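*Asks:* In our numbering, the protein residues as written are 4 to 310. Next up is a structure, given as structure tokens.
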Amino acid sequence: MEFSTQSLIRFGNNDQVPTVSMKARAKINLSLDITEKRPDGYHNIKTIMQTIDLHDNLVIDAIGEGIELECNSSKVPCDDRNIAYKAAKLFLNKYSCKYGIKHGVKIKIEKNIPVAAGLAGGSSDAASVLIGMNKLFDCGISVDELMAVGKLLGADVPYCIKGGTILAEGIGDILTELPAIPKVYIVLAIPKIHVSTKWVYENFDFNKVNKRPNIDLLISAIAEGDIKLLAENMVNVMETFTADRFSIINKLKKKLISLGALGSLMSGSGPAVFGIFADKTSADMAYQEMKCDDCHEDYHLFVTETT
Ligand code: ATP
4 MEFSTQSLIR FGNNDQVPTV SMKARAKINL SLDITEKRPD GYHNIKTIMQ
54 TIDLHDNLVI DAIGEGIELE CNSSKVPCDD RNIAYKAAKL FLNKYSCKYG
104 IKHGVKIKIE KNIPVAAGLA GGSSDAASVL IGMNKLFDCG ISVDELMAVG
154 KLLGADVPYC IKGGTILAEG IGDILTELPA IPKVYIVLAI PKIHVSTKWV
204 YENFDFNKVN KRPNIDLLIS AIAEGDIKLL AENMVNVMET FTADRFSIIN
254 KLKKKLISLG ALGSLMSGSG PAVFGIFADK TSADMAYQEM KCDDCHEDYH
304 LFVTETT
């Protein structure tokens with residue numbers, strides 16, 4: 004997670020409190036397996052997550068009191084239902100007394116990550132708020148503690164705090180750092196359909212899965228920096244449900260492969276589909292091709308890279 008301290012703002016009592024800017028980056032799943040349904044209704048998963056450069060921009064200012072939220076997207080709630088708001092509330096409740104925080108915060112979100120796409124946009128915003136407020140109020144809270152707090156907001160939040168190339172197990176919150184993969188270029192196509200994560204999990208049927216990822220093979224491909232082996236062996240078991248219902252997912256995967264992607268997969272519960280390209284030129288060319296495709300109005304398109 005990247006932040007910069009931008010400027011100083013002045014309060015009535017002449018305190019000077021910095022304002023922080025954050026890049027809340029999206030993630031893709033380089034593979035995803037669901038290992039079991041737990042008695043509490045959650046699913047245990049085994050997934051390799053990768054941060055990409057596509058990001059929301061957040062600015063967090065200290066204000067007199069309370070929490071204010073502004074967002075440029077009509078697709079997310081701009082009130083206490085927003086996960087960024089919830090993160091700020093949790094932070095203030097937990098740490099105001101301990102660290103003598105006497106201010107509230109104003110959070111501005113410029114949303115660039117498509118919403119409910121399988122890219123963890125909301126979780127990344129929440130992660131940025133926790134990291135940003137820690138910096139803003141100079142609390143010095145450790146990353147591990149922030150991750151434990153983040154887990155209270157959502158299973159993907161601890162990952163978004165840590166970022167990078169990571170194996171996530173349990174409900175997605177047991178994290179093992181993997182070696183960073185060599186930089187690759189990503190073309191992302193997000194079909195204009197609504198897919199809720201809850202709906203996919205509720206309807207997921209283990210009996211319909213005919214291909215599971217070989218996570219050990221993928222981890223050794225990552226250790227060796229072998230992008231081709233990694234890309235060619237990516238599997239997301241959630242495609243058995245989502246791609247089955249929405250033919251555009253397999254169509255986009257095939258298109259990306261035909262345009263030179265080393266591998267292509269749906270991210271998370273979808274519907275975002277990505278293709279991995281070894282170099283920027285081929286990614287840019289695939290992006291341009293897809294922009295002119297007959298069906299280009301059926302999806303949003305981005306070209307980005309791993310970070
Ligand atoms: P994941 O990959 O973790 O399943 P996602 O990318 O599929 O996440 P999000 O973009 O995080 O999904 O959005 C999920 C839901 O959360 C949406 O219905 C959205 O309205 C709500 N939401 C609340 N706050 C935010 C936020 N700051 N950004 C995005 N969505 C938010």
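All C-beta atoms, glycine included, are put in the ideal place defined by N, C-alpha and C. Since the structure is predicted, the reported quantities are computational estimates derived from the model, not experimental observations.
Looking at the strands, I want to know which residues DSSP matches up with Cys74.
*Replies:* Walking along the sequence shown from the start, residue 74 turns up at place 71. Paired residue(s): Ile112.
*Asks:* Counting C-beta neighbours from all protein chains within 10 Å, is the total for Ala226 16 or more, i.e. buried, or is it exposed?
*Replies:* Taking the sequence shown and counting its residues from 1, one reaches residue 226 at position 223. Ala226 should be labelled exposed.
*Asks:* Quick one: Cα of Gly135 to Cα of Val152, how far?
*Replies:* Here the question's residue 135 lines up with position 132 in the sequence shown. Here the question's residue 152 lines up with position 149 in the sequence shown. Rounded to the nearest angstrom, the two C-alpha atoms are 14 Å apart.
*Asks:* Given 7 Å as the limit, tell me if Asn85 has its C-beta closer than that to any heavy atom belonging to the ligand ATP.
*Replies:* Your numbering for residue 85 matches position 82 in the sequence shown. Within the cutoff, so yes.
*Asks:* For Pro161, which option in Lys283, Cys298, Phe280 and Met52 has the closest C-alpha, if you only look at C-alpha atoms?
*Replies:* Indexing the sequence shown from 1 puts residue 161 at position 158. Nearest C-alpha to Pro161: Met52.
*Asks:* My parser needs the alpha helix (DSSP H) runs of 4 or more residues fully inside the stretch 76-107; what are they?
*Replies:* The qualifying runs are 86-102.
*Asks:* Looking at Ser126 and Gly173, is the spacing between their C-beta atoms short of 8 Å?
*Replies:* For the purposes of this step, residue 173 is taken as residue 170 along the sequence shown, with counting starting at 1. For the purposes of this step, residue 126 is taken as residue 123 along the sequence shown, with counting starting at 1. No, the pair does not count as a contact, with Cβ atoms beyond the cut-off.
*Asks:* So is the beta-carbon of Leu122 under 7 Å away from any non-hydrogen atom of the ligand ATP?
*Replies:* Position 119 of the sequence shown, counting from 1, holds the residue named residue 122. Answer for Leu122: yes, Cβ within range of the ligand ATP.
*Asks:* Verify whether the separation of the beta carbon atoms of Lys283 and Tyr188 is less than 8 Å.
*Replies:* In the sequence shown, the residue the question calls residue 283 occupies position 280. In the sequence shown, the residue the question calls residue 188 occupies position 185. Yes; because the gap between Cβ atoms is below 8 Å, this pair is in contact.
*Asks:* Which residues does DSSP pair with Asn213 in a beta bridge?
*Replies:* Here residue 213 refers to the residue found at position 210 when the sequence shown is read from its first residue. Beta-bridge pairing links Asn213 to no other residue.
*Asks:* Under 8 Å: do the stretch 21-33 and the stretch 53-61 share three or more Cβ pairs, one atom per stretch?
*Replies:* Yes: at least three Cβ pairs fall under 8 Å.
*Asks:* Should Arg84 be labelled buried (16 or more other beta-carbon atoms within 10 Å of its own) or exposed?
*Replies:* As a first step, residue 84 must be located in the sequence shown, where it is residue number 81. Classification for Arg84: exposed.
*Asks:* Alpha carbon to alpha carbon, how far is Ile110 from Lys101? Give it in angstroms, no decimals.
*Replies:* Indexing the sequence shown from 1 puts residue 101 at position 98. Indexing the sequence shown from 1 puts residue 110 at position 107. Roughly 22 Å separates the two Cα atoms.
*Asks:* Mind checking who Met52 pairs with in its DSSP beta bridge?
*Replies:* As a first step, residue 52 must be located in the sequence shown, where it is residue number 49. Met52 pairs with Asn32 and Ile169.
*Asks:* Taking 7 Å as the cut-off, is the CB of Lys154 close to at least one heavy atom of the ligand GDP?
*Replies:* Only the ligand ATP can be found as ligands here, which leaves the ligand GDP out of the picture.
*Asks:* For Asn75 and Glu300, what's the separation of their Cα atoms in angstroms?
*Replies:* Within the sequence shown, the letter at position 72 stands for residue 75. Within the sequence shown, the letter at position 297 stands for residue 300. If I take the Cα positions, the gap works out to 22 Å.
*Asks:* If you measure between the beta carbons of Ile196 and Ala275, is that distance less than 8 Å?
*Replies:* Position 193 of the sequence shown holds residue 196. Position 272 of the sequence shown holds residue 275. Cβ atoms of Ile196 and Ala275: not closer than 8 Å.
*Asks:* Between Lys211 and Val238, is the Cβ-Cβ spacing less than 8 Å?
*Replies:* As a first step, residue 211 is located in the sequence shown; it is residue number 208 there, counting from the start. As a first step, residue 238 is located in the sequence shown; it is residue number 235 there, counting from the start. No, they are not a contact pair.
*Asks:* Please state whether DSSP places Ala289 in a helix, a strand or coil.
*Replies:* For the purposes of this step, residue 289 is taken as residue 286 along the sequence shown, with counting starting at 1. Ala289: helix per DSSP, three-state reduction.
*Asks:* Can you tell me whether Arg13 is helix, strand or coil according to DSSP?
*Replies:* The sequence position of residue 13 within the sequence shown is 10, counting from 1. Residue placement at Arg13 cannot be trusted, given a pLDDT of 49 that sits under 50; what the coordinates show is reported in the next sentence. Three-state DSSP puts Arg13 in a strand.
*Asks:* Work out the CA separation of Phe209 and Leu57 for me, nearest whole Å.
*Replies:* Numbered from its first residue, the sequence shown carries residue 57 at position 54. Numbered from its first residue, the sequence shown carries residue 209 at position 206. Spanning the two alpha carbons is a distance of roughly 32 Å.
*Asks:* Indicate, with yes or no, if the ligand ATP has a heavy atom lying under 7 Å from the CB of Asp247.
*Replies:* Working through the sequence shown from its first residue, we reach residue 247 at position 244. No - the ligand ATP has no heavy atom lying nearer than 7 Å to the Cβ of Asp247.
*Asks:* Are the stretch 243-251 and the stretch 261-281 touching, with three or more C-beta to C-beta distances below 8 Å?
*Replies:* Segments in contact, yes.
*Asks:* Check each candidate in Lys40, Ser34 and Thr54 and name the one with the smallest Cα separation from Pro185.
*Replies:* The residue labelled residue 185 in the question sits at position 182 within the sequence shown. When only C-alpha atoms are compared, the closest one is Thr54.
*Asks:* My understanding is that Ala120 touches Lys89, with C-beta atoms under 8 Å, so please give their C-beta distance in whole angstroms.
*Replies:* The residue you call residue 120 lines up with position 117 of the sequence shown. The residue you call residue 89 lines up with position 86 of the sequence shown. Not quite, the Cβ-Cβ distance comes to about 20 Å (not below 8 Å), so this is no contact.
*Asks:* Cα-Cα, which of Glu205, Leu155, Phe280 and Arg28 is closest to Asp229?
*Replies:* Position 226 of the sequence shown, counting from 1, holds the residue named residue 229. When only C-alpha atoms are compared, the closest one is Phe280.
*Asks:* Ala119: beta carbon under 7 Å from a heavy atom of the ligand ATP?
*Replies:* As a first step, residue 119 must be located in the sequence shown, where it is residue number 116. Yes, the ligand ATP has a heavy atom inside 7 Å of this Cβ.
*Asks:* Can you give, in chain order, each stretch of the beta strand (DSSP E) that sits fully within the stretch 259-310 and has at least 3 residues?
*Replies:* Correct list: 266-269, 276-280 and 302-308.
*Asks:* Does the beta-carbon of Ile177 have 16 or more other beta-carbons within 10 angstroms, so that it is buried, or is it exposed?
*Replies:* Along the sequence shown, read from residue 1 onward, the residue named residue 177 stands at position 174. So Ile177 counts as exposed.
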